[in-house]
Every structure is written in C-alpha cells, then in structure tokens.
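Same order as they appear, the protein sequences are chains R and U.
For any residue, its number in my numbering is found by taking its place in the first sequence, counting from 1, and adding 223.
For any residue, its number in my numbering is found by taking its place in the second sequence, counting from 1, and adding 17.
Single-structure report; data block below.
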Amino acid sequence: GAVVSQHPSRVICKSGTSVKIECRSLDFQATTMFWYRQFPKQSLMLMATSNEGSKATYEQGVEKDKFLINHASLTLSTLTVTSAHPEDSSFYICSASDRVSYNEQFFGPGTRLTVL
Amino acid sequence: QKEVEQNSGPLSVPEGAIASLNCTYSDRGSQSFFWYRQYSGKSPELIMSIYSNGDKEDGRFTAQLNKASQYVSLLIRDSQPSDSATYLCAGGSNYQLIWGAGTKLIIKP
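Shown next, in the form of structure tokens:
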C-alpha cells in the first residue's frame with residue numbers, strides 16, 4: 224500500500240515553456256502533499272506544502288507565481304513550472320501523507336526536468 | 018529555527034560490519050522520526066520510523082530514539098554493498114517534517 228506515482232518521469236523542454244508534473248496517490252487519500260526539489264549532490268529542499276482544496280504554502284524563497292501548485296483532490300496534486308529556464312533544471316519529487324500514517328511521507332519516484 | 022543535523026560523511030564501513038548513523042534535532046516538540054534511504058538519482062524510500070524512546074528493530078536495521086538527548090540513530094547490521102546510499106533523517110509533528118542533509122554511506126566489499 225501507500226503508493227505514489229509521478230508523471231512524467233523525465234522531461235526535456237525549451238526555455239520559456241511551461242511544464243506540468245502530476246503526483247497521484249494510488250491507494251490512499253493524501254490529505255497533504257509536498258513538493259521537493261533536489262539539485263545534484265545536494266539535499267532535499269521543500270518547495271511547498273498543499274492540503275486538498277486549499278492554497279499551497281510555499282517555503283521562503285520559492286516563487287509561487289513560477290511554481291504553481293494545485294491540490295484539487297485527495298489523490299492528485301500538480302506542479303506547473305511556468306516559463307522554465309535552465310536554472311530550473313532539477314529533480315522534482317512529490318510526497319504525500321494521510322491522516323493514518325502519522326507524519327510519514329510516501330514519496331513518488333521523481334521527475335527529472337531538463338530545460339534547454 | 019528547527020533543525021535536524023547529520024554528519025554528511027562519507028561514512029565508509031567494511032562489508033559485514035555494523036554501520037552507525039546519527040542524527041540530532043532541535044525541536045523538542047517533534048514526535049515522530051524517520052530514516053529514509055536515497056540511492057543516487059532516485060527518490061527517498063522509508064527504512065524505519067520511530068515514535069517512542071528506545072530501540073526499534075526491523076531485520077538488519079535498528080532505530081534508536083532518545084528524546085532527552087534529542088538524538089536519533091540508525092544501526093545497519095551485516096552491512097552489504099547494496100546499503101551504499103545517502104541516509105536521510107527526518108523528524109517532526111503535525112504533518113510537517115524537518116529534514117537532515119543526509120549522510121552518505123559507503124560499504125566497501
């Protein structure tokens with residue numbers, strides 16, 4: 224149980240385009256979803272936290288107009304990187320929590336974004 | 018500021034030996050603690066969770082929690098080359114986790 228999927232697993236796009244990443248909880252209701260970014264050889268960096276039906280809470284330094292997060296249902300959250308630039312190239316990982324597994328986060332497999 | 022601290026390593030351990038990974042946290046209100054393993058280029062996967070003082074064992078893994086000392090550790094017995102990875106410690110409450118930067122573990126054959 225507690226499986227989280229992410230799509231796409233890898234995306235290459237041109238500078239200036241927008242990219243949408245989907246995160247789905249397959250067998251549980253994700254009351255809270257988290258979006259992380261990880262640059263090579265660096266630690267996880269939390270970008271934002273979202274609760275179903277509410278606006279996401281962004282960490283300091285993360286541009287909410289650039290990284291749009293929508294948590295429309297208990298099984299789906301999306302991250303849209305708008306007007307992507309090469310410096311946005313990174314490994315984006317979502318995780319999800321439910322009310323049962325006390326604070327445990329279940330991670331998706333991640334999306335590797337490369338902006339040319 | 019709430020922090021979780023780990024030695025970044027690398028920690029080099031011979032195959033078959035015990036690997037000991039340590040973590041300290043600053044927030045006394047933290048109620049749950051986790052160890053995740055992350056292979057290069059992959060997302061983290063849960064190894065152990067621990068919520069109360071003492072030891073918790075699962076196969077070759079033992080997590081230890083000491084809330085008085087604000088200290089969490091992970092022991093890996095009979096270390097295997099496949100255990101080579103970065104180990105992330107996290108602690109928190111109210112559905113928010115504070116993450117350590119991770120310790121890189123290398124198991125030498």
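Where a beta carbon is used, it is the ideal one built from N, C-alpha and C, also for glycine.
By DSSP, does residue 231 of chain R sit in helix, in strand, or in coil? In the first sequence, residue 231 of chain R corresponds to position 8, counting from 1. The answer is coil: DSSP assigns residue 231 of chain R none of H, G, I, E or B.
From the DSSP output, in three-state form, read off residue 60 of chain U for me. The count along the second sequence starts at 1 and reaches residue 60 of chain U at position 43. Here residue 60 of chain U sits in coil by DSSP.
Count the C-beta pairs between the stretch 20–29 of chain U and the stretch 116–123 of chain U that are closer than 8 Å, then say yes if the count reaches three, no if not. yes
Examine the Cβ distances between the stretch 269–284 of chain R and the stretch 51–69 of chain U and report whether three or more of them are shorter than 8 Å. Look at the beta carbons and you see the stretch 269–284 of chain R not touching the stretch 51–69 of chain U: under three pairs across the two are nearer than 8 Å.
What beta strand (DSSP E) runs, 3 residues minimum, are completely inside the stretch 23–93 of chain U? 28–31, 36–42, 49–55, 62–67, 71–75, 78–83, 88–93
Measuring only between beta-carbons, confirm whether residue 283 of chain R sits less than 8 Å from chain U. Along the first sequence, one-based indexing puts residue 283 of chain R at 60. It does not; no Cβ of chain U falls within 8 Å.
Just the C-alpha distance for residue 230 of chain R and residue 245 of chain R, rounded to the nearest angstrom, thanks. Position 7 of the first sequence, counted from the first residue, corresponds to residue 230 of chain R. Position 22 of the first sequence, counted from the first residue, corresponds to residue 245 of chain R. One C-alpha to the other measures close to 5 Å.
Give the residues from the stretch 291–305 of chain R that approach chain U closer than 8 Å (Cβ to any Cβ), ordered along the chain. Answer set for the stretch 291–305 of chain R: empty.
Any C-beta of chain U under 8 Å from that of residue 332 of chain R: As a position in the first sequence, residue 332 of chain R is number 109, starting the count at 1. Answer yes: the Cβ-Cβ gap between residue 332 of chain R and chain U drops below 8 Å somewhere.
Determine the direct distance from the alpha carbon of residue 256 of chain R to that of residue 320 of chain R, and round the result to whole angstroms. Residue mapping note: residue 320 of chain R aligns to position 97 of the first sequence, counting from 1. Residue mapping note: residue 256 of chain R aligns to position 33 of the first sequence, counting from 1. Distance between the alpha carbons of residue 320 of chain R and residue 256 of chain R: 6 Å.
Proximity of residue 82 of chain U and residue 69 of chain U at Cβ, strictly below 8 Å: Position 65 of the second sequence holds residue 82 of chain U. Position 52 of the second sequence holds residue 69 of chain U. Cβ atoms of residue 82 of chain U and residue 69 of chain U: closer than 8 Å.
Taking C-beta pairs closer than 7 Å, name the residues in chain R that residue 112 of chain U reaches, listed in chain order. For the purposes of this step, residue 112 of chain U is taken as residue 95 along the second sequence, with counting starting at 1. Listed along chain R are 255, 320, 326, each with a C-beta nearer than 7 Å to that of residue 112 of chain U.
Whose C-beta lies closer than 7 Å to the C-beta of residue 332 of chain R among residues of the same chain, with five residues either side of it excluded? Residue numbering aside, residue 332 of chain R sits at position 109 when the first sequence is read from its first letter. The answer, listed in chain order, is 229, 232.
Nearest CA to the CA of residue 21 of chain U: which residue from U:111, U:105, U:56, U:126? The count along the second sequence starts at 1 and reaches residue 21 of chain U at position 4. Nearest of U:111, U:105, U:56, U:126 to residue 21 of chain U, Cα basis: U:105.
Do residue 322 of chain R and residue 254 of chain R come within 8 Å of each other at the CB atom, strictly closer than that value? As a first step, residue 254 of chain R must be located in the first sequence, where it is residue number 31. As a first step, residue 322 of chain R must be located in the first sequence, where it is residue number 99. For residue 254 of chain R and residue 322 of chain R, yes; Cβs fall inside 8 Å.
Under a Cβ-count criterion, where at least 16 other Cβ atoms within 10 Å of its own Cβ denotes burial, should residue 94 of chain U be classed as buried or exposed? Numbered from 1 along the second sequence, position 77 holds the residue referred to as residue 94 of chain U. Residue 94 of chain U comes out exposed.
Taking C-beta pairs closer than 8 Å, name the residues in chain R that residue 96 of chain U reaches, listed in chain order. By one-based count along the second sequence, residue 96 of chain U stands at place 79. None at all; the shortest Cβ gap to chain R is about 23 Å.
Per DSSP, residue 335 of chain R is paired with what? The residue you call residue 335 of chain R lines up with position 112 of the first sequence. Per DSSP, R:233, R:314.
Which stretch, first to last residue, makes up the beta strand (DSSP E) that contains residue 260 of chain R? Translated into positions along the first sequence, residue 260 of chain R becomes position 37. 255–261 is the extent of the beta strand (DSSP E) around residue 260 of chain R.
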